[in-house]
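Inspection log for the structure reproduced underneath, given as structure tokens.
There are 2 protein chains.
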Amino acid sequence: MSLVLQENPRIPADTAEKVRQAARQLGYVYNRGAAALRGRRSATIGMVINDLTNPFFVELLVAIERVLAEAGYTTLMAHTAESVATQTCVLRSMREQNVAGLIMSPALGTDDALPAEIRSWGIPLVLVMRPMGDDVDTIGVDNAFGFALATEHLIAQGHTRIAFAGNRKGYAVASQRREGYLSTMKQHELPVADEWTIDVELTPQGGQKAVRAIFDMALRPTAVLCYNDQVAIGVLHELDRMGKRAGKDLAVVGCDNIVAAEHTNPPLTTLSAGSDKLGALASETLLSRLVEGAVTDGPAKQFFAVPELIIRESSEHAIETEDATQTVRGKQPGRKRVARAS
Amino acid sequence: MSLVLQENPRIPADTAEKVRQAARQLGYVYNRGAAALRGRRSATIGMVINDLTNPFFVELLVAIERVLAEAGYTTLMAHTAESVATQTCVLRSMREQNVAGLIMSPALGTDDALPAEIRSWGIPLVLVMRPMGDDVDTIGVDNAFGFALATEHLIAQGHTRIAFAGNRKGYAVASQRREGYLSTMKQHELPVADEWTIDVELTPQGGQKAVRAIFDMALRPTAVLCYNDQVAIGVLHELDRMGKRAGKDLAVVGCDNIVAAEHTNPPLTTLSAGSDKLGALASETLLSRLVEGAVTDGPAKQFFAVPELIIRESSEHAIETEDATQTVRGKQPGRKRVARAS
DNA sequence: CTGAAAGCGCTTACAG
DNA sequence: CTGAAAGCGCTTACAG
């Protein structure tokens, strides 16, 4: 039976077909659990996501799941909601479920030793979006580059006072993004007030707070770089509540290019690294560790995607300089312009 | 060993502790797969979701997963992207994984016989959001009631020409929502033009199309009921592109009350049935079928939540009548008013 | 009350 | 080449 299912060449094709038909008639269902037990390997992959309320991670999850499904793997999903305690539970559960590998976007505050511990379990691990050291397979984004790109764009629009909303302390990705911003400001010899790097939660609520803070500042920024699109959506919302218009009263740039960024009002300028591509890379990296005889002790595979800037209306009204290429709001429906590294 | 883990009373507490400690030292990991094989029952639940790009289903998924996790179950997640073929694959895979139960929001166009087939597998099934007959456990929403409530609200604001965007043919939930709208219009003796029930995709793109259709109509509606918030977001976006304002130029009402509905510009009036509550109910319904000696042949448990209308700015500007209770846009940050059944 | 043995449904190494 | 047997890690019914 097993041989038939494995399409073993020692079974003639017609016999195999007969067996399969009989199996179907009898209502036979292959038991993957038993196979995993005996064969000492499983075909389920654990996926640990920190925040499903952020659509970017959902897009990433969908992309990862699709590639894994195509490769014949089943996805065991868990959501930690940024709780390290939940993450610990979830990882234990996945280990007990005997997952063949793990893809994880670690919760904020995860202990640096966790990747090493998971390695000691003998379970291959791929980190997505949030790096934790050089010796773990990681798929992420070049955040410093992206935020430098976004800062350049705002400066090119004539902005000199630019804020950064979402500077969570002790969080690596926030530091990278802030560094991209600060180094570019420095390069252009633009002074940066301390209060311009605003520490708020990385949610729409955080964005709302950031706007209120900005409009209370003595030396008020004319543009704001947001940690991600979730924060930017809160910024847009609060601007609207104050009767102000993004792009005109305050230029706004987000990060992640979630699907909704195209449908905000006004549409949101944002950095895109491609959730599809990142998801596919993460899956493939893990799958490459799962093939027979894979080098698990080899050097870690790390890839950091270079984001592009998708320019939409939230950052389009130039300050000081009037640029002839600025189009009137709402003329071309699906237009998007892409800024690339020079 | 097994007895210790089960906290069997025949093992003294101190001995149990010693065993547990030794197990930890040796790096013992409980193998759920083996337990499931031997015990002929598993602790994983399959969850089949039709559309993770709709945040409502993500909120539902998160709610379901939390309750299942608390009950000691692990969630196997799959995404069908509204493809019946993918759904078939996914269900076979879950059956092979020996899931203890299934929670499913079936893809559009799913064969009516599917619930009976799954029952024949001996796997308890709970349907969410999309009913398929009377003899399946189902957690859903009273869509006709909700859309009647929304229609009443628009009529109370002075609207007499109201459109319905998202009338997908042959899709039960769309028909329910349309019926709630049509019956209320009839009750108020308001005529409804055929072209006002607009058949578009149930996405932001569909919403954009609907707006263009509405502004091309000879007898133009002053309000639009959207199939869901995704459609409504497209409507808001297109209105903005046309330089028009939701609530002023066209009243807009959505359905689902996704988190983003509070942050659209302007904030979106929408129907809420509570994804948390629905998710918890779905989980609990399934769990009740999983307890030892549960009546699997008993009557199907069906529950349809009564939605409330969350009134926000997108439908607030009254037409014809000027109502003193209308507040000025953007005055109270988190305000929301709730309309209930009378 | 307790400990040893049978067996869940597979895969694989091995005897014939 | 082929078929029967061992064994993955558990649970549970049963013998002592």
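As you go down the protein sequences, you meet chains F and X in turn. If you're matching positions, the first sequence starts at 1 in full-length UniProt numbering and goes up one per residue. If you're matching positions, the second sequence starts at 1 in full-length UniProt numbering and goes up one per residue. Ideal placement from N, C-alpha and C gives every residue a C-beta, glycine not left out.
Check	Outcome
Candidates ALA174(X), ARG177(X), GLY46(X), of which the one nearest GLU96(X) by Cα	GLY46(X)
Counted within 10 angstroms of its Cβ, other Cβ atoms place GLY279(F) as buried (16 or more) or exposed	buried
Cutoff 9 Å: GLN326(X) Cβ touching any chain F Cβ	Low confidence applies to GLN326(X): its pLDDT is 40, below 50, so where it sits in the model is not reliable, and the reading given next is rough at best. Not an interface residue.
Helix, strand or coil at MET217(X) [DSSP, three-state]	coil
At least three beta-carbon pairs within less than 8 Å, the stretch 239-254 of chain X to the stretch 150-159 of chain X	yes
Neighbourhood of GLU82(X) by C-beta distance below 7 Å, restricted to the same chain and skipping five residues each side	ASN50, ASP51, ALA107, LEU108
Chain F residues whose Cβ lies nearer than 8 Å to that of ILE233(X)	ALA260, HIS263
VAL211(F), DSSP secondary structure in three states	helix
Beta carbon proximity, ASP240(X) to chain F, threshold 9 Å	yes
Spatial distance of SER127(X) from ILE139(X) (CA atoms)	Inspection of the sequence shows that residue 127(X) is occupied by Leu rather than by Ser. Roughly 6 Å between the two C-alpha positions.
CB of LEU125(X) within 9 Å of CB of LEU102(X), strictly	yes
Backbone secondary structure at GLU320(F) - three-state DSSP	Reliability of the predicted coordinates at GLU320(F) is poor, the pLDDT of 48 falling under 50, and no value is obtained from them.
ALA165(X) and VAL192(X) closer than 9 Å at C-beta	no
Cβ pair LEU149(F), LEU309(F) closer than 9 Å	yes
The stretch 267-279 of chain X touching the stretch 265-273 of chain F, judged by at least three CB pairs closer than 8 Å	no
Distance, ARG177(F) Cα to ALA35(F) Cα	46 Å
Where the stretch 266-286 of chain F meets chain X: residues whose CB sits under 8 Å from a CB there	PRO266, PRO267
Exposure label - LEU239(F); buried when at least 16 CB within 10 Å	buried
Selected residue, minimal CA-CA separation from ALA163(F), among GLY146(F), PHE145(F), LEU182(F), LYS169(F)	LEU182(F)
Whole-angstrom distance between ARG92(F) and SER120(F), CA atom to CA atom	13 Å
Backbone CA spacing between ILE258(X) and GLU59(X) [nearest angstrom]	8 Å
Residue-level contact to chain X via CB, TRP121(F), 9 Å cutoff	yes
Sequence-distant residues of its chain with Cβ nearer than 7 Å to VAL136(F) (five each side left out)	PRO115, LEU125, LEU127, ALA300
Short CB-CB distance (under 9 Å) between LEU76(F) and chain X	yes
Residue span of the beta strand (DSSP E) that contains GLN97(F), given as start and end	Looking at the DSSP string, GLN97(F) is not in any beta strand (DSSP E), and its letter there is neither H nor E.
Supposed close pair ALA22(F), ALA100(F) - CB separation, criterion 8 Å	Not really, about 31 Å apart at Cβ, beyond 8 Å.
Environment of LYS209(F) [buried if 16+ CB atoms lie within 10 Å]	buried
Three-state class that DSSP yields for GLN302(F) in the structure shown	strand
Contact list for the stretch 43-59 of chain F against chain X, Cβ threshold 7 Å	LEU52, THR53, PRO55, VAL58
Range covered by the alpha helix (DSSP H) that runs through HIS79(X)	No alpha helix (DSSP H) contains HIS79(X), which is instead part of the beta strand (DSSP E) from 74-79.
Contacts of ASN98(X) in chain F (Cβ-Cβ under 8 Å)	ASN31, ARG32, GLY33
Counted within 10 angstroms of its Cβ, other Cβ atoms place GLY243(F) as buried (16 or more) or exposed	exposed
Spatial distance of ASP112(F) from MET132(F) (CA atoms)	7 Å
Beta-carbon spacing of ILE233(X), HIS263(F) below 9 Å	yes
Against chain F: residues of the stretch 132-156 of chain X by CB proximity under 9 Å	none
Chain X contact for ARG66(F) (CB, 9 Å cutoff)	yes
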